[in-house]
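For the sequence shown, the positions run 14 to 185 when the working numbering is used. Cβ coordinates follow ideal geometry from the N, Cα and C atoms, glycine included. Bear in mind that the values here come from a model prediction, so they are computed numbers and not experimental data. What follows is a single structure, written as structure tokens, with notes after it.
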Amino acid sequence: MKTSHRPQDDVQDAAHWDAVEEATELLLQGNPHDALHLLRDIVREDPRNPYAYYYMGTAMFEVGRFDAAADAYRAALRISPTYLAARVGLSHSLRIEGQLDEAIRQARRVLDQVPGDGDALFALGLALASNNDRVGAVRALEAFLQTHPELEVTLEARAMLEKLGPIEQDEN
14 MKTSHRPQDD VQDAAHWDAV EEATELLLQG NPHDALHLLR DIVREDPRNP
64 YAYYYMGTAM FEVGRFDAAA DAYRAALRIS PTYLAARVGL SHSLRIEGQL
114 DEAIRQARRV LDQVPGDGDA LFALGLALAS NNDRVGAVRA LEAFLQTHPE
164 LEVTLEARAM LEKLGPIEQD EN
């Protein structure tokens with residue numbers, strides 16, 4: 014997931030980013046457990062840091078704690094309701110937890126704010142596919158591919174589209 018969608022930039026925002034820098038490095042190195050330990054300390058020190066909660070959600074997602082990931086993403090959104098990456102992460106976590114209607118709603122909320130957002134289109138496509146909305150999933154995933162995503166996720170989307178099959182004329 015990209016994290017390019019950040020809350021409003023300001024001095025405090027920069028300090029929040031600086032506070033999570035080491036934890037993000039640990040995540041990039043494939044060490045979510047150490048990142049979680051550090052992020053918990055950051056949250057104790059500054060419970061208003063949306064990035065700490067976002068990356069806590071990311072780390073929880075990486076270790077398969079999707080319920081805890083959803084809680085962390087929700088905490089980030091309580092602090093910064095326009096934090097789109099947190100909303101996309103929440104959508105993915107909810108989908109995996111089987112809360113498909115809410116996963117779809119969260120992805121659509123991002124698209125309401127930023128039409129054509131690739132991360133949200135991908136989350137929406139996966140949630141719709143999980144909810145057996147084949148036509149909606151195909152449309153979302155095809156729109157996602159038009160955003161020119163990175164290779165790995167492009168291959169994942171194409172594999173999903175192949176599995177879903179083409180939309181027939183009568184399905185439009």
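Item, Value
"Check whether Arg53 and Met73 have beta carbons under 9 Å apart", "no"
"Inter-residue Cα distance where the pair is Arg121 and Gly129", "10 Å"
"Collapsed DSSP secondary structure at Ile180 in the structure displayed", "coil"
"Span separating the alpha-carbon of Pro45 from that of Val76", "7 Å"
"Close-in-space but distant-in-sequence residues of the same chain around Ala89 (CB under 6 Å, 5 per side omitted)", "Pro63, Tyr66, Tyr67, Tyr96, Ala99"
"Member of Ala85, Asp84, Phe135, His105 whose CA lies at the smallest distance from the CA of His161", "Phe135"
"Through-space distance from Asp23 to Leu107, alpha-carbon basis", "31 Å"
"Coarse secondary structure for His161, derived from DSSP in three states", "coil"
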